[in-house]
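Peer 1: Take the sequence shown: its position 123, counted from the start at 1, is 697 in this note's numbering, and no numbers get skipped. Beta carbons: idealized from backbone N, C-alpha and C, even for Gly. Quick one: structure below, then a few questions.
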Amino acid sequence: MSASTAKRGILPPDIEARKGGTPLVVLTAYTTPVAKLVDAHCDIALVGDSLGMVVYGLPSTLAVTMEMMIAHGQAVMRGLTAAMCVIDLPFGSFEESPAQAFRNASRLLAETGAAAVKLEGGVHMAETIAFLTARGVPVMAHIGLTPQAVNALGGYKVQGRGEDAARVLADAKAVADAGAFAVVLEKVPQGLAREITEAVAIPTIGIGAGKDCDGQVLVVDDMLGMFTDFRPKFVKRFGNLAEAADRAIEGYAAEVRARTFPAPEHSFDT
Ligand code: KIV
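Following this line, the structure appears as structure tokens:
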């Protein structure tokens, strides 16, 4: 099977048909082992450009490249058997024109085997979303807080409070009308997320958008508790892996220094 052949399992029309049904479960994944864990429990594995911060320690997603996305997309696809893979178009790879977006979106799908791309932007990206979907590229839209616009937005702030709600609602309607099969709502007030979910015919997938969306997404390392210094309000820690890893590494270091590891059972006879 070539990388460009969609794997069996969930595809964009299946996701779209889940509107109003059992909530969609989405987590990011960046590596094969984590993709295998996500595959067992989730509908979608998102190769988010958050990998720039989570995996590479970058200060934002702005420096993430197509090459990074492709390498991690391929790694994630090796771990999936059922869940659908969606991959982010990184900053600078799609905003210039619909043709640029198609060139890079088709490359992501062809070189990774992911089923769909995600791109950030609302009304101003509607033309691009229509261009892509008309040419066979399923698009998940991403509105509200769009981290690639962190500088323009003045930080990672809640979007759509007060009078600004009309702008975010217009974004949601525009991406739905343009043909997106789902839309991520990031960091918007829960009342607005409910209104958008009722107003559009495609599933809304919330992150920091309250409980009324059609699904939820989190960055997998955040919900696993991989970081001790990052605790945004919208992340619930379902695990505490940083502490567990710290204890394990502390134990290893102590045993190496005490020469109690490796023990005979970890060693080979002549
Ligand atoms: O890049 C990412 O991980 C995302 C999710 C947080 C929605 O866009």
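Leaving out five residues on either side along the sequence, give the residues of the same chain with a beta carbon under 8 Å from the beta carbon of P633.
Peer 2: M627
Peer 1: May I have the straight-line CA-CA distance separating S667 from G647, to the nearest angstrom?
Peer 2: 16 Å
Peer 1: In three-state DSSP terms, what is T778?
Peer 2: strand
Peer 1: Is the segment 690-701 touching the segment 655-666, taking contact as three or more C-beta pairs under 8 Å?
Peer 2: yes
Peer 1: Cβ of V793 within 7 Å of any heavy atom in the ligand KIV?
Peer 2: yes
Peer 1: Let me know the alpha helix (DSSP H) ranges lying completely inside the segment 634-671, each 4 residues or longer, listed in chain order.
Peer 2: 640-653
Peer 1: For the beta strand (DSSP E) that L815 lies in, which residues bound it at each end?
Peer 2: Premise fails: L815 lies in the alpha helix (DSSP H), 815-832, not in any beta strand (DSSP E).
Peer 1: Excluding the 5 residues flanking G631 on each side, which residues of the same chain have their C-beta closer than 8 Å to its C-beta?
Peer 2: Closer than 8 Å at Cβ, skipping near neighbours: no residue.
Peer 1: With 16 other CB atoms within 10 Å as the buried threshold, where does H716 fall?
Peer 2: buried
Peer 1: Excluding sequence positions up to five away, which residues of its chain have a Cβ less than 7 Å from the Cβ of A767?
Peer 2: L759, T778, G780, A783, G784, D786, C787
Peer 1: For a test of your reading of the model: does the CB of I781 fall under 7 Å from any non-hydrogen atom of the ligand PLP? Yes or no.
Peer 2: This structure does not include the ligand PLP; its bound ligands are the ligand KIV.
Peer 1: Name the one or two DSSP bridge partners that G718 has.
Peer 2: Residue pairing from DSSP places G718 in a beta bridge opposite E760.
Peer 1: Go to T602, then tell me how far its beta strand (DSSP E) extends in each direction, as first and last residue.
Peer 2: 598-602
Peer 1: Q733 by DSSP, collapsed to three states: which one?
Peer 2: coil
Peer 1: Would DSSP call S578 helix, strand or coil?
Peer 2: Residue placement at S578 is poorly supported in this model, since its pLDDT is 47, which falls under 50; the coordinates are not used for a value here.
Peer 1: Confirm the yes/no value for this check: CB of H646, any heavy atom of the ligand KIV, distance under 7 Å.
Peer 2: no
Peer 1: I think M800 touches A775, with their Cβ atoms under 8 Å apart; what is that distance to the nearest whole Å?
Peer 2: In fact, because the Cβ distance is near 36 Å, the residues do not count as touching under 8 Å.
Peer 1: Can you tell me whether K785 is helix, strand or coil according to DSSP?
Peer 2: coil
Peer 1: Please state the DSSP three-state secondary structure of L792.
Peer 2: strand
Peer 1: Excluding sequence positions up to five away, which residues of its chain have a Cβ less than 6 Å from the Cβ of T707?
Peer 2: V713, G753
Peer 1: Decide if E829 is buried, meaning its Cβ has at least 16 other Cβ atoms within 10 Å, or exposed.
Peer 2: exposed
Peer 1: Am I right that L585 and G789 are in contact with their C-beta atoms under 8 Å? What's the rounded C-beta distance?
Peer 2: With a Cβ gap of about 16 Å, L585 and G789 do not count as contacting.
Peer 1: Would A688 and M642 be called neighbours here (beta carbons separated by less than 8 Å)?
Peer 2: no
Peer 1: Does the Cβ of E670 have 16 or more other Cβ atoms within 10 Å, making it buried, or fewer, making it exposed?
Peer 2: E670 is exposed by the Cβ-count criterion.
Peer 1: Quick check: the Cα distance between T802 and T844, rounded to an integer number of angstroms?
Peer 2: 44 Å
Peer 1: Could you work out which residue in V757, K593, V791, P587 is closest to M699 when comparing CA atoms only?
Peer 2: V757
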